[in-house]
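Please read the structure below before turning to the comments.
Number of protein chains: 2
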Amino acid sequence: MALGIGDDCAVLRVEPGSDLLVTTDMCVEDIHFKRAWHTARSVGHRCLLRGLSDIAAMGGTPTACFLSLGLSETLSAKWANDFIAGLLGLAGKFNVALAGGDTTKSEKVTADIVVLGKVPSGRAVSRSRARPGDKIYVTGMLGGSAWLLKRLMAGESVSRLSVQRQFCLLPRLAVGDWLRERGVPTAMIDLSDGLSVDLAHICKESNVAAELWSGAIPVERGATLEMALHGGEDYELLFTAPAKIRVPPRIEGVPVSSIGEIRPAPNKAARVLIGEQGGKLRPLPPRGWEHFSKRN
Amino acid sequence: MALGIGDDCAVLRVEPGSDLLVTTDMCVEDIHFKRAWHTARSVGHRCLLRGLSDIAAMGGTPTACFLSLGLSETLSAKWANDFIAGLLGLAGKFNVALAGGDTTKSEKVTADIVVLGKVPSGRAVSRSRARPGDKIYVTGMLGGSAWLLKRLMAGESVSRLSVQRQFCLLPRLAVGDWLRERGVPTAMIDLSDGLSVDLAHICKESNVAAELWSGAIPVERGATLEMALHGGEDYELLFTAPAKIRVPPRIEGVPVSSIGEIRPAPNKAARVLIGEQGGKLRPLPPRGWEHFSKRN
Chain G
1 MALGIGDDCA
11 VLRVEPGSDL
21 LVTTDMCVED
31 IHFKRAWHTA
41 RSVGHRCLLR
51 GLSDIAAMGG
61 TPTACFLSLG
71 LSETLSAKWA
81 NDFIAGLLGL
91 AGKFNVALAG
101 GDTTKSEKVT
111 ADIVVLGKVP
121 SGRAVSRSRA
131 RPGDKIYVTG
141 MLGGSAWLLK
151 RLMAGESVSR
161 LSVQRQFCLL
171 PRLAVGDWLR
181 ERGVPTAMID
191 LSDGLSVDLA
201 HICKESNVAA
211 ELWSGAIPVE
221 RGATLEMALH
231 GGEDYELLFT
241 APAKIRVPPR
251 IEGVPVSSIG
261 EIRPAPNKAA
271 RVLIGEQGGK
281 LRPLPPRGWE
291 HFSKRN
Chain F
1 MALGIGDDCA
11 VLRVEPGSDL
21 LVTTDMCVED
31 IHFKRAWHTA
41 RSVGHRCLLR
51 GLSDIAAMGG
61 TPTACFLSLG
71 LSETLSAKWA
81 NDFIAGLLGL
91 AGKFNVALAG
101 GDTTKSEKVT
111 ADIVVLGKVP
121 SGRAVSRSRA
131 RPGDKIYVTG
141 MLGGSAWLLK
151 RLMAGESVSR
161 LSVQRQFCLL
171 PRLAVGDWLR
181 ERGVPTAMID
191 LSDGLSVDLA
201 HICKESNVAA
211 ELWSGAIPVE
221 RGATLEMALH
231 GGEDYELLFT
241 APAKIRVPPR
251 IEGVPVSSIG
261 EIRPAPNKAA
271 RVLIGEQGGK
281 LRPLPPRGWE
291 HFSKRN
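Residue numbers (my numbering), protein chains in the order written: chain G, 1 to 296; chain F, 1 to 296.
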């Protein structure tokens, strides 16, 4: 898409027949990451991951990113370089050009990432078309990020490998694209805030309710159901599809689980219910990922 | 351009025959503004102004903006609301939709503004096509922002009106558009860092040198030539045009001054020279706007 980096602005050409996708995500030191816990590379990776995951949730393809970066003067050049290397490493994997940005001074590291993407005109997958009777699906395993965060916050020793693995997830772009191409999802969102919160977003935008089957939720090894429901930052895709469509158990190598069903809009507030399939259901209040600073 | 706000992403349609312009600008409290000096409204205005001015410098039309905003929990809701009101007030003047963004916690107010714009395909005005013999022009009056800043930093009393006037400048979109439509500029940039710095950018990108005529620089009332040359944040347009093109002294109601001439690239480092027209010239080192925190 990029024609080349301009000067006051970047100049980009959008393919005819494509809509433009735009998402922005701001990451702040001690709110979204801690320098004591996370390597500069993993922070750069994570910042871009958030934007790429949003593009995946629309069924789109990322094309370019822009980075506005605030850094303190006391920060080492190595930290900044490693941050950029982490970001560019992930960008390169998905053919995304770093097309511009801004830099400034800031006491805390502050990175705002803008990701542009494309999707065939009129085909972006929104959150608003889930219908009663649709099945609810999720990719991958949930709760891993919450599990890691809990251990880090408890001061437990966690191998560098575990931190890297959980913090350096890959966006589900291939799955999102596969689903959108085949017209499978009626609604889709990425799991950044937590299943209970993100599913509530779909319910609200689609004006429906949802029933989750607790035994069907794919819980990451070591994590609890609670972490899988409310943990957030799993960057998996949550989507709904008509019951008559057969959704395979693996898409582009990623496991896909059927975890519940969309119901008609409720009279009362509780939009998301949980329980055993066919058993008694209880309301699942949206309660998701909280910033580090709140938990401390 | 906007089809509507999406959910994980905004979905926008770019007109066929147009290129997309993208610019990002990050504003940080105590670096780019001080809450003691600047009203929340004026800060919101100024943040967006920076992006709109970049679009003007490409000869483009702004279409949508995105705001990533970090706010501390101790900040009043009124401050945040006034900030948004200032931003939206300016956006409304130029028909720019606030199409999305992100919010987070942050100790210092941190606002990253992304502005999207459009320009007929292949017609964006870059910094790189100034040619020897071209005349150099600037819109408006220079040095006003530096004058105000100096008084504020010296603790002098400055009327609220002066602060508002200097901090709430309007982007030169109509002038940029007028110039681009008529194919006037060979190169263009907006004056954010200061004339000496921004002209050096044009010289570097175009691989030329420049001669400025000190008596021709339009200095704002109260300001000094020094402030006009190095002050920055004037958000006027600096452009070059072939000598054979007649550039009117006012465009869209804004005065335009002819302030110098482009010369062949020098053998030595100094790209920008200054002196009386036809008289002896001295090098003008690029020395522009510095963040508040450096000056303190």
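Every residue gets a Cβ at the ideal spot worked out from N, C-alpha and C, and that includes glycine.
Residue i vs residue j beta-carbon contact at 7 Å
i      : j      : result
G:V28  : G:T110 : yes
F:A97  : F:A64  : yes
G:L218 : G:L142 : One detail in the question is off: residue 218 of chain G reads as Pro in this sequence, not Leu. For G:P218 and G:L142, yes; Cβs fall inside 7 Å.
F:A174 : F:E236 : no
G:R180 : G:G92  : no
F:F66  : G:T24  : yes
G:A80  : G:L71  : yes
G:V254 : G:T104 : no
G:I259 : G:A216 : yes
G:V114 : F:V114 : yes
G:D112 : F:S68  : yes
G:R50  : G:F167 : no
F:L116 : F:V22  : yes
F:L75  : F:L48  : no
F:D102 : G:M26  : yes
F:F33  : F:P62  : no
Own chain, CB closer than 6 Å to residue i, minus 5 neighbours either side, in chain order
i      : result
F:K78  : none
F:G17  : S121
G:R271 : A200, C203 and A209
F:M227 : G143, A146 and W147
G:D198 : I189, L191 and L238
F:A10  : A99 and G100
F:L229 : L195 and S196
G:A243 : G133 and K135
F:N296 : Confidence is the limiting factor: at F:N296 the pLDDT is only 32, short of 50, which leaves the residue's position unreliable and the question unanswerable from this model.
G:I178 : Looking at the sequence provided, one finds Trp at residue 178 of chain G rather than Ile. The answer, listed in chain order, is I251 and E252.
G:R172 : A56, T139 and L237
F:E205 : R127 and S128
Neighbourhood of residue i by C-beta, 7 Å cutoff - its chain only, sequence neighbours within 5 removed
i      : result
F:I274 : L212, S214, L281, R282 and L284
F:R263 : P132, V208, A209, A210 and E211
G:E107 : S72
F:S162 : L148
F:G288 : D193, G194, S196, V197, H230 and G232
F:L152 : W37 and V158
F:E276 : W213, S214 and G215
F:L225 : S214, I217 and V219
Neighbourhood of residue i by C-beta, 8 Å cutoff - its chain only, sequence neighbours within 5 removed
i      : result
F:P248 : V256
F:G176 : I55, A56, A57, M58, G59, G60, V125, M188 and L237
is_contact[residue i, chain A] using C-beta, thresh 7 Å
i      : result
F:L229 : Absence of chain A from the displayed structure is noted, the protein chains being G and F.
Against chain G: residues of the segment 66-80 of chain F by CB proximity under 9 Å: If the cut-off is 9 Å between Cβ atoms, the segment 66-80 of chain F has F66, L67, S68, L69, G70 and E73 near chain G.
Interface positions of the segment 46-59 of chain G facing chain F (Cβ-Cβ less than 7 Å), listed along the chain: Hits within the stretch, in order: D54, I55, A57 and M58.
Sufficient close CB pairs (3 or more, under 8 Å) joining the segment 169-189 of chain G to the segment 124-138 of chain G: Yes, the segment 169-189 of chain G touches the segment 124-138 of chain G.
Unbroken stretches of the alpha helix (DSSP H), 4 residues or longer, contained in the segment 127-166 of chain F: Taking only runs of at least 4 residues, the alpha helix (DSSP H) segments lying wholly in the segment 127-166 of chain F are 144-153.
Within 7 Å of chain G by C-beta, residues of the segment 16-37 of chain F in sequence order: For the segment 16-37 of chain F, the set of positions with a beta-carbon nearer than 7 Å to some beta-carbon of chain G reads P16, D19, L20, L21, V22, T23, T24, D25, M26, V28 and I31 in chain order.
Contact set between the segment 101-113 of chain G and chain F, restricted to residues whose Cβ is under 7 Å from the partner: Along the segment 101-113 of chain G, going in chain order, the ones with a CB nearer than 7 Å to a CB of chain F are G101, D102, T104, K105, S106, E107, K108, T110 and D112.
Members of the segment 187-202 of chain G that neighbour chain F once the beta carbon cut-off is set at 7 Å: Those residues of the segment 187-202 of chain G that come within reach of chain F (Cβ to Cβ, closer than 7 Å) are I189 and D190.
In chain order, each alpha helix (DSSP H) run of at least 4 residues that lies wholly inside the segment 204-242 of chain F: Counting only runs of 4 or more residues that sit fully inside the segment 204-242 of chain F, the alpha helix (DSSP H) segments are 225-230, in chain order.
Contained beta strand (DSSP E) runs [length at least 3] in the segment 46-127 of chain G, N- to C-terminal order: Here the runs fully enclosed are 61-71, 97-105 and 110-120.
Near-chain F residues of the segment 132-165 of chain G (beta-carbon distance less than 7 Å), N- to C-terminal order: So the list is empty, because no residue satisfies the distance condition.
Within the segment 170-202 of chain G, ranges of the beta strand (DSSP E) (whole runs, at least 3 residues): The segment 170-202 of chain G contains, as complete beta strand (DSSP E) runs of 3+ residues, the segments 187-190 (chain order).
Contacting positions in the segment 246-260 of chain F - beta carbon closer than 8 Å to chain G: Residues are counted here when their Cβ sits less than 8 Å from a Cβ of chain G; for the segment 246-260 of chain F the count is zero.
Whole beta strand (DSSP E) elements within the segment 262-291 of chain F, 3-residue minimum: Runs found: 272-275 and 281-283.
Residues of the segment 221-234 of chain F whose Cβ lies closer than 8 Å to any Cβ of chain G, in chain order: Cβ contacts with chain G come from no residue of the segment 221-234 of chain F.
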